[in-house]
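Enquirer: Supplied in structure tokens, the structure appears directly below.
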Amino acid sequence: MARTWDNHEEYELTSLEDAFMSEFKIAQRETNNVHVLELKGYLDAHTAPKLEEAFQNLLQSERYKIVVNCKDLSYISSAGLGVFMAFIEDVRKKQGDIKLTNMSPKVYNVFDLLGFPLIYEIFNNESDAVKKFFEKAR
Amino acid sequence: MKLRRVIYLGGAVLIILVVFTFDVIRKSVALEVGGLSTIRDVVILGAFVLVYLFLESRASSRSQTPIRTLGSVMVATLIMVVFGIGLATMGASNFDSKNDILIPIDYATIFVASLAGVTFGTFAVVTFRSLRDLVMFKRKKATRRNLLSFIAFTIAASGSTLWLNPLEENLVTTLLLALAVIGAIVNSFRLSWIVYLTKREKIFSLIYAFFLLIGFIVLDFLISQNVAINQALLYHSYPVKGFVSMVCLFGSTYFGMAFISTLFHLPTAEAFDRKTSEISSLHNLGRLVTQVFDFSELVDTVTSMTLQVCEARSSWLEIIHHDERNSAGPAQDSAGRPYAVQIASKQNISQEEIERVLSLRERTLRDTVVEGRKTIVIDDVAHNVHFRHVRKEKIPIGSMVIAPLVSHNVVMGILYATKSVEYGFFKDDVDVISAFADQATIAIENSRLIKKSIERERLMRELVLAQEMQRRLLPQVLPHMPGLQIDALSTPAFEVGGDYYDIVQLDDHRLGIVVGDVSGKGVSAAFYMSQVKGIFQAISKMYPSPREFMIHANDALLTSIDKRSFVSLIYAVIDSASGILILSRAGHCPMLHVSGETVRFIRPSGMGMGLRGGDLFAGALEETSLQLALGDVCIFYTDGITEARRGEEEFGYDRLLLAAQQSRTGSASMVKDHILDTVRSFTDHEASHDDLTVVVVKWLGHGTTTKNTN
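Respectively, the protein sequence lines represent chains B and R. First residue of the first sequence? That's 1 in our numbering, and the numbers climb one at a time after it. First residue of the second sequence? That's 139 in our numbering, and the numbers climb one at a time after it.
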């Protein structure tokens with residue numbers, strides 16, 4: 001775990017891709033100190049640990065402003081939803097948040113059925129979510 | 139078999155007696171009929187053939203080792219030597235010779251001659267059989283031919299004397315005898331049995347062969363040079379005498395050769411012994427590999443065999459436990475990752491001694507073996523850099539071999555052998571220790587695999603048990619209630635799952651129906667599922683309102699559920715009398731309501747259980763009331779139905795809706811079956827990747843007689 005923030009993103013991408021050449025991928029970006037995770041493919045019990053690792057790395061480096069862009073997320077299972085639940089409390093304790101954006105209707109339906117919109121802020125596009133962080137900050 | 143032997147022996151004895159009687163009569167009556175003595179000789183030969191057959195039928199029951207054969211021949215020979223010398227010194231046989239014919243002087247002479255003839259003849263037969271066994275040991279193609287030639291020449295030489303008088307000489311006989319002698323010499327080179335003797339046996343063999351050589355030389359001398367014996371034998375039977383002298387000659391050449399050959403084999407005896415034990419140890423170890431389940435027995439065998447074969451002073455075997463995460467590849471070792479060492483078996487050395495021997499500097503030596511995966515030989519421990527401390531510690535180790543157990547390019551163990559002398563291990567020792575290490579690797583690997591598969595089997599049995607237990611958590615019999623038809627099915631994707639449904643009778647006209655889905659799959663889901671069952675059974679009757687029930691169930695669940703897990707639940711209470719259905723939904727798939735042509739999802743708001751407590755959960759939770767019409771069907775299900783997949787495509791809500799509509803006029807079981815059939819044909823009977831549950835309720839109205847189907 002001894003690595004500097006400078007090469008963090010690069011490390012993250014390669015390690016995740018190498019570990020699992022499967023149907024789920026995470027890309028990570030940073031805009032104005034807000035960290036964006038782009039999810040792609042199937043998020044289920046098999047791939048959930050990848051997302052968990054990504055969240056863990058963010059929290060360990062004390063990044064609490066997180067936006068999860070679900071533009072290319074084609075499926076999410078209950079195990080995938082569980083990952084969000086695992087970190088939301090810790091993130092909010094540190095005055096951060098996990099905001100979700102760009103969900104397809106099908107994915108949104110899964111979130112909605114379980115009442116996740118009551119727990120998470122869900123936006124149509126990423127910039128709205130990022131903006132929301134700064135509204136709060138002000 | 140027994141009768142035959144009696145006949146053989148009895149026949150032989152009878153012949154001897156008859157011949158003796160004949161001799162006595164011949165002496166007193168001076169019988170002289172031409173050809174009669176030839177018949178007599180043939181009959182005597184027949185007697186010895188019977189003796190041979192008798193012995194042959196006896197010996198088949200047990201097999202003799204060469205050294206035992208040698209021993210028994212020696213005893214027989216020594217007895218014969220004593221007997222022969224006794225006979226010679228007595229000088230009891232007195233013959234007159236006249237026209238090459240021997241005439242005994244008195245009856246005692248006849249008796250002595252018969253005794254000598256029978257004894258020497260029998261001895262010759264016994265010796266011949268033993269010699270034959272020795273010659274034929276590890277026979278080759280030519281062995282049999284050579285021996286048979288010798289026998290043929292001997293018999294021919296003896297046979298040619300049938301028509302001769304005892305003191306006559308004949309050119310043919312001499313020629314045949316010469317050939318027989320050559321045969322004896324040729325056969326004397328057949329000494330393969332010596333090679334396979336152990337060192338101890340070789341020493342015995344040397345002593346035996348020496349005495350045998352002397353014994354046969356004495357016998358040769360007695361038969362040919364001592365007048366008394368010579369004449370006695372000649373009188374008794376010329377052919378037998380020929381046979382006896384030929385066998386004695388063969389005996390002396392053969393055992394002479396055996397003596398010399400054993401002498402030459404003696405220096406290499408030890409090496410041969412070792413090779414033999416190496417081979418048998420490897421063989422044993424090889425067999426062990428496939429048999430042994432007991433790990434400690436296995437490693438003990440490896441070390442004790444190392445000790446035995448290399449004549450090592452001490453030996454021990456260490457198992458290297460690599461860090462689990464690092465076991466994937468060999469690169470980790472060179473990176474200096476730690477590994478644990480466990481001494482699995484030790485011989486003639488204590489744990490403390492091992493630690494002292496391998497203290498400090500040796501750490502690097504062990505590393506060298508683990509990294510290099512090569513056998514290391516230390517010829518002079520006291521002068522080796524790694525072992526400067528050993529001399530001080532007064533540990534009597536002169537030389538040492540360290541062999542790695544390599545499996546899949548990873549060192550899984552190390553086999554050590556030590557000797558007290560310097561330069562104690564030769565190349566073949568090192569080879570054999572390496573071979574042991576290889577065998578041990580296979581054996582250890584094997585025993586680990588067996589262990590693993592046993593463990594797996596155990597887990598499988600546990601899972602099957604869990605499956606059975608979970609199946610019992612689902613309703614075994616669906617409750618009967620007039621006016622309602624119910625059918626349900628739940629199948630886990632794996633052995634156990636997180637789907638749950640239950641039906642309770644709240645009172646005489648109300649039924650509570652719950653369907654739930656625990657997040658995740660498999661064992662963890664199954665645990666929460668059983669917890670939900672407990673909660674439902676405990677409080678469903680206390681809170682007849684579905685919403686109330688949900689709120690309290692959520693409170694109960696929140697205390698124990700992991701924060702990344704949750705349960706979706708849908709709960710309906712149906713009044714079979716009024717047809718009123720009250721529904722609450724905690725994050726679960728909406729209920730499908732089929733009423734005539736209309737099919738719709740009923741989706742009151744509500745969040746999953748175990749996510750949030752208190753007001754947030756209660757605030758979000760709605761309760762819907764619904765008046766059912768006669769023949770209305772309510773379908774509860776889990777996302778295993780809607781998310782059933784064919785490739786990328788999901789079964790989805792629309793197909794479910796359609797399937798419900800198509801079968802709405804049928805009974806509850808028909809609706810259930812139709813939905814499941816549709817799902818299955820959609821997925822093309824691929825194994826479903828999710829748990830799957832359907833509960834169908836059909837309201838048939840007031841007082842209708844119902845036929846519930848299970």
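For each residue, glycine too, the CB sits at the ideal point set by N, CA and C.
1) By the 10 Å Cβ neighbour count, where 16 or more other Cβ atoms means buried, how is valine 615 of chain R classified, buried or exposed?
2) Given alanine 466 of chain R, which residues of its chain have a CB within under 6 Å of its CB, disregarding the five upstream and five downstream residues?
3) Identify, in the order they occur along the chain, each residue of the same chain with its Cβ nearer than 6 Å to the Cβ of aspartate 471 of chain R, setting aside the five sequence neighbours on each side.
4) In chain R, which residues lie with their C-beta within 8 Å of the C-beta of glutamate 89 of chain B?
5) Compute the distance between the beta-carbons of leucine 749 of chain R and glycine 839 of chain R, then report whether it is under 8 Å.
6) Determine whether the beta carbon atoms of valine 382 of chain R and leucine 372 of chain R lie at a separation below 8 Å.
7) Here's the rule: buried if 16 or more other CB atoms are within 10 angstroms of the residue's CB, otherwise exposed. What is histidine 731 of chain R?
8) Just to confirm, is the Cβ distance from methionine 228 of chain R to leucine 329 of chain R under 8 Å?
9) Does the segment 268-278 of chain R come within contact of the segment 243-251 of chain R, defined as at least 3 CB pairs closer than 8 Å?
10) To the nearest angstrom, report how far apart serine 399 of chain R and phenylalanine 348 of chain R are at their CA atoms.
11) Does chain R have any CB closer than 8 Å to the CB of methionine 103 of chain B?
12) Using a Cβ cut-off of 7 Å, pull out every chain R residue sitting near isoleucine 119 of chain B, in sequence order please.
13) Three Cβ pairs or more, each shorter than 8 Å: is that satisfied between the segment 597-610 of chain R and the segment 479-491 of chain R?
14) List the residues of chain B whose Cβ lies closer than 8 Å to the Cβ of glycine 744 of chain R, in chain order.
15) So does the segment 119-134 of chain B actually touch the segment 95-105 of chain B, counting three or more Cβ pairs closer than 8 Å?
16) If we count the other Cβ atoms within 10 Å of its Cβ and call it buried at 16 or more, is methionine 21 of chain B buried or exposed?
17) By how many angstroms is the C-alpha of glycine 672 of chain R removed from the C-alpha of glutamate 781 of chain R?
18) At least one CB of chain B closer than 8 Å to the CB of phenylalanine 574 of chain R: is that the case?
19) Quick one: is serine 727 of chain R near chain B, going by C-beta distance under 8 Å?
20) Please report the straight-line C-alpha distance between methionine 212 of chain R and valine 568 of chain R, rounded to a whole angstrom.
21) Helix, strand or coil for proline 542 of chain R per DSSP?
22) Please check if any C-beta of chain B sits within less than 8 Å of the C-beta of glycine 654 of chain R.
23) From the DSSP output, in three-state form, read off proline 468 of chain R for me.
24) Identify the contact partners of alanine 166 of chain B in chain R, using a Cβ-Cβ distance below 9 Å as the criterion.
25) Any beta-carbon of chain B closer than 8 Å to the one on alanine 782 of chain R?
26) With three or more C-beta pairs closer than 8 Å as the rule, is the segment 350-363 of chain R touching the segment 413-424 of chain R?
27) Please list the residues of the segment 60-82 of chain B that have a C-beta atom closer than 7 Å to any C-beta atom in chain R, keeping them in chain order.
28) Mind checking which residues open and close the alpha helix (DSSP H) that includes isoleucine 677 of chain R?
29) Which residues bound the beta strand (DSSP E) around methionine 729 of chain R?
30) Along the segment 27-50 of chain B, what residues have a CB closer than 9 Å to any CB found in chain R?
31) To the nearest angstrom, how far is the alpha carbon of glutamate 194 of chain R from that of phenylalanine 266 of chain R?
32) Taking only beta-carbon positions, decide if serine 488 of chain R is within less than 8 Å of chain B.
33) Kindly indicate if chain R contains any beta-carbon less than 8 Å away from that of alanine 86 of chain B.
34) Please list the segments of the alpha helix (DSSP H) lying wholly inside the segment 543-628 of chain R, counting only runs of 4 or more residues, in order along the chain.
35) Do the CB positions of lysine 50 of chain B and aspartate 72 of chain B come within less than 8 Å of each other?
36) Between leucine 794 of chain R and chain B, is the shortest Cβ-Cβ distance under 8 Å, so that the two count as touching?
Expert: The answer reads as follows:
1) In the second sequence, residue 615 of chain R corresponds to position 477, counting from 1. For valine 615 of chain R, the number of other beta carbons within 10 angstroms of its own is below 16, and it is reported as exposed.
2) Within the second sequence, residue 466 of chain R is the residue found at index 328, counting from 1. With a pLDDT of 40 at alanine 466 of chain R, under the threshold of 50, the predicted position of this residue should be treated as unreliable, though the coordinate-derived value follows. Contacts found: none.
3) One-based indexing of the second sequence puts residue 471 of chain R at position 333. Legend: pLDDT at aspartate 471 of chain R = 41, less than 50; position of this residue unreliable, value from coordinates given subsequently. Non-local C-beta neighbours of aspartate 471 of chain R in its own chain, meaning closer than 6 Å and more than five positions away in sequence, comprise Val508 and Glu509, ordered along the chain.
4) Taking the first sequence and counting its residues from 1, the one referred to as residue 89 of chain B is at position 89. Those within 8 Å of glutamate 89 of chain B in chain R are Lys701.
5) Sequence index remark: in the second sequence, residue 749 of chain R carries index 611 (1-based). Sequence index remark: in the second sequence, residue 839 of chain R carries index 701 (1-based). No.
6) If you number the second sequence from 1, residue 382 of chain R lands on position 244. If you number the second sequence from 1, residue 372 of chain R lands on position 234. Not closer than 8 Å, so no.
7) If you number the second sequence from 1, residue 731 of chain R lands on position 593. Result: buried.
8) One-based indexing of the second sequence puts residue 228 of chain R at position 90. One-based indexing of the second sequence puts residue 329 of chain R at position 191. No; because the gap between Cβ atoms is not below 8 Å, this pair is not in contact.
9) Flag = no, the segment 268-278 of chain R and the segment 243-251 of chain R do not touch.
10) As a position in the second sequence, residue 399 of chain R is number 261, starting the count at 1. As a position in the second sequence, residue 348 of chain R is number 210, starting the count at 1. Answer to the nearest angstrom: the Cα atoms are 11 Å apart.
11) Taking the first residue of the first sequence as 1, we reach residue 103 of chain B at position 103. Judged by the 8 Å Cβ criterion, methionine 103 of chain B is not in contact with chain R.
12) As a working note, residue 119 of chain B is residue 119 in the first sequence. Residues of chain R with a Cβ closer than 7 Å to the Cβ of isoleucine 119 of chain B are, in chain order, Leu749 and Arg750.
13) The segment 597-610 of chain R is not in contact with the segment 479-491 of chain R.
14) Looking up residue 744 of chain R in the second sequence gives position 606. Residues of chain B passing the Cβ test: Gly115.
15) The segment 119-134 of chain B is in contact with the segment 95-105 of chain B.
16) On the first sequence, residue 21 of chain B is found 21 positions in, with the first residue counted as 1. A caution first: methionine 21 of chain B carries a pLDDT of 42, below 50, which makes its placement in the model too unreliable to give a value.
17) Against the second sequence, residue 781 of chain R aligns to sequence position 643. Against the second sequence, residue 672 of chain R aligns to sequence position 534. Roughly 27 Å separates the two Cα atoms.
18) For the purposes of this step, residue 574 of chain R is identified with residue 436 of the second sequence, where counting begins at 1. Taking Cβ atoms only, chain B never reaches closer than 8 Å to phenylalanine 574 of chain R, which makes this a no.
19) The residue you call residue 727 of chain R lines up with position 589 of the second sequence. Note on residue identity: the sequence assigns cysteine, not serine, to residue 727 of chain R. Output row for cysteine 727 of chain R: interface = yes.
20) Residue numbering aside, residue 212 of chain R sits at position 74 when the second sequence is read from its first letter. Residue numbering aside, residue 568 of chain R sits at position 430 when the second sequence is read from its first letter. Counting only the Cα atoms, valine 568 of chain R lies some 42 Å from methionine 212 of chain R.
21) Sequence index remark: in the second sequence, residue 542 of chain R carries index 404 (1-based). Here proline 542 of chain R sits in strand by DSSP.
22) Looking up residue 654 of chain R in the second sequence gives position 516. Put simply, the CB of glycine 654 of chain R is far from chain B, with every gap to its CB atoms at 8 Å or more.
23) Within the second sequence, the letter at position 330 stands for residue 468 of chain R. A caution first: proline 468 of chain R carries a pLDDT of 38, below 50, which makes its placement in the model too unreliable to give a value.
24) For residue 166 of chain B there is no data in the structure shown, the boundaries of chain B being 1 and 138.
25) Stepping through the second sequence from its first residue, residue 782 of chain R is reached at position 644. Alanine 782 of chain R does not count as touching chain B.
26) With a cut-off of 8 Å, the segment 350-363 of chain R and the segment 413-424 of chain R do not count as touching, because too few Cβ pairs lie within range.
27) So the list reads Ser78, Ala79, Leu81 and Gly82, given in the order they occur along the chain.
28) Mapped onto the second sequence, residue 677 of chain R falls at position 539. Per DSSP, isoleucine 677 of chain R is one residue of the alpha helix (DSSP H) stretching across 660-677.
29) For the purposes of this step, residue 729 of chain R is taken as the residue at position 591 of the second sequence. Looking at the DSSP string, the run of the beta strand (DSSP E) that includes methionine 729 of chain R is 729-733.
30) For chain R, the residues of the segment 27-50 of chain B that bring a beta carbon within less than 9 Å of one of its beta carbons are Asp44, Ala45 and Ala48, in chain order.
31) Here the question's residue 194 of chain R lines up with position 56 in the second sequence. Here the question's residue 266 of chain R lines up with position 128 in the second sequence. Distance between the alpha carbons of glutamate 194 of chain R and phenylalanine 266 of chain R is about 12 Å.
32) Numbered from its first residue, the second sequence carries residue 488 of chain R at position 350. Not one chain B Cβ lies under 8 Å of serine 488 of chain R.
33) If you number the first sequence from 1, residue 86 of chain B lands on position 86. Taking a beta-carbon distance threshold of 8 Å, alanine 86 of chain B counts as an interface residue toward chain R.
34) The qualifying runs are 565-611.
35) Locating residue 50 of chain B in the first sequence gives position 50, where the first residue counts as 1. Locating residue 72 of chain B in the first sequence gives position 72, where the first residue counts as 1. Not in contact: lysine 50 of chain B and aspartate 72 of chain B (Cβ atoms no closer than 8 Å).
36) In the second sequence, residue 794 of chain R corresponds to position 656, counting from 1. No, its Cβ sits nowhere closer than 8 Å to a Cβ of chain B.
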